[in-house]
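Using the numbering used here, read the sequence shown as starting at 15 and increasing by one per residue.
A virtual CB, placed ideally from N, CA and C, is assigned to each residue, including glycine.
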Amino acid sequence: VLQALYFCRPFREKVLAYKVQPRKKESLLTCLSDLFNSIATQKKKVGVIPPKKFISRLRKENELFDNYMQQDAHEFLNYLLNTIADLLQEEKKQEKQNGKLQNGSIESEEGDKADLTWVHEIFQGTLTNETRCLNCEAVR
Numbered sequence: 015v016l017q018a019l020y021f022c023r024p025f026r027e028k029v030l031a032y033k034v035q036p037r038k039k040e041s042l043l044t045c046l047s048d049l050f051n052s053i054a055t056q057k058k059k060v061g062v063i064p065p066k067k068f069i070s071r072l073r074k075e076n077e078l079f080d081n082y083m084q085q086d087a088h089e090f091l092n093y094l095l096n097t098i099a100d101l102l103q104e105e106k107k108q109e110k111q112n113g114k115l116q117n118g119s120i121e122s123e124e125g126d127k128a129d130l131t132w133v134h135e136i137f138q139g140t141l142t143n144e145t146r147c148l149n150c151e152a153v154r
C-alpha cells in the first residue's frame with residue numbers, strides 16, 4: 015500500500031510538500047512524509063528503507079495494527095487516508111481559528127467544500143453502477 019501511494023504522483027508530491035512545512039507534532043502524516051522523503055532522497059536506485067518510525071506511530075494510533083499479524087490492505091489504506099484527511103481538516107480548522115488561512119485553500123460558501131483536503135481532491139469520486147440488458151441494451 016505504501017509503495018502504491020508513493021507511486022501515486024499527486025499524493026507523493028503533497029506528502030513531500032507537507033514535510034517542508036514548519037514542523038508540527040509527530041503524526042502519521044509527519045512519519046509518512048519522513049518515509050517518503052527518505053525514499054525520494056535515497057542515492058541508490060534499489061534498496062530497502064525500513065518504515066520503522068511510521069509503523070511505530072501506526073501502532074500507537076490504532077490498536078488494530080499493534081501486533082505482528084497480517085492486516086487487510088484495503089482496511090489499512092482506508093484508515094491511512096481517513097486519518098490523514100482528518101488531520102489536515104483539524105489543522106485547517108486551527109489555522110482558521112488563528113486567522114492564518116491562506117487564499118490557496120479550497121473554500122466556498124458551502125460548508126462541505128470548505129472541509130475538503132488534498133486527500134479528497136486526489137481520491138474522492140462518485141461511483142456509478144448501471145445494469146444494462148444484454149439483448150436490448152436498456153439501462154435499468
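- Query: For Val-133, which beta-bridge partners are listed by DSSP?
  - Reply: DSSP, once it has assigned bridges, lists no residue as partnering Val-133.
- Taking the alpha carbon of Lys-67 as the point to measure from, which residue in Gln-138, Ser-47 and Leu-30 has its own alpha carbon closest? Ser-47
- Query: What's the C-alpha gap between Arg-71 and Gln-108?
  - Reply: 22 Å
- Item | Phe-137 versus Glu-40: straight-line alpha-carbon distance, rounded | 24 Å
- Task: Assign Arg-71 to one of three DSSP states: helix, strand, or coil.
- Result: helix
- Query: What is the residue span of the alpha helix (DSSP H) that Glu-151 lies within?
  - Reply: Taken as a continuous stretch (DSSP letters only), Glu-151 belongs to no alpha helix (DSSP H), as it is neither H nor E.
- Query: Is the Cβ-Cβ distance between Leu-141 and Pro-65 less than 8 Å?
  - Reply: no
- Please go through the region 25-96 and give each complete alpha helix (DSSP H) segment of 4 or more residues, from N-terminal end onward. 42-54 and 66-75
- Task: Tell me whether the beta-carbon of Phe-50 lies closer than 8 Å to the beta-carbon of Arg-26.
- Result: yes
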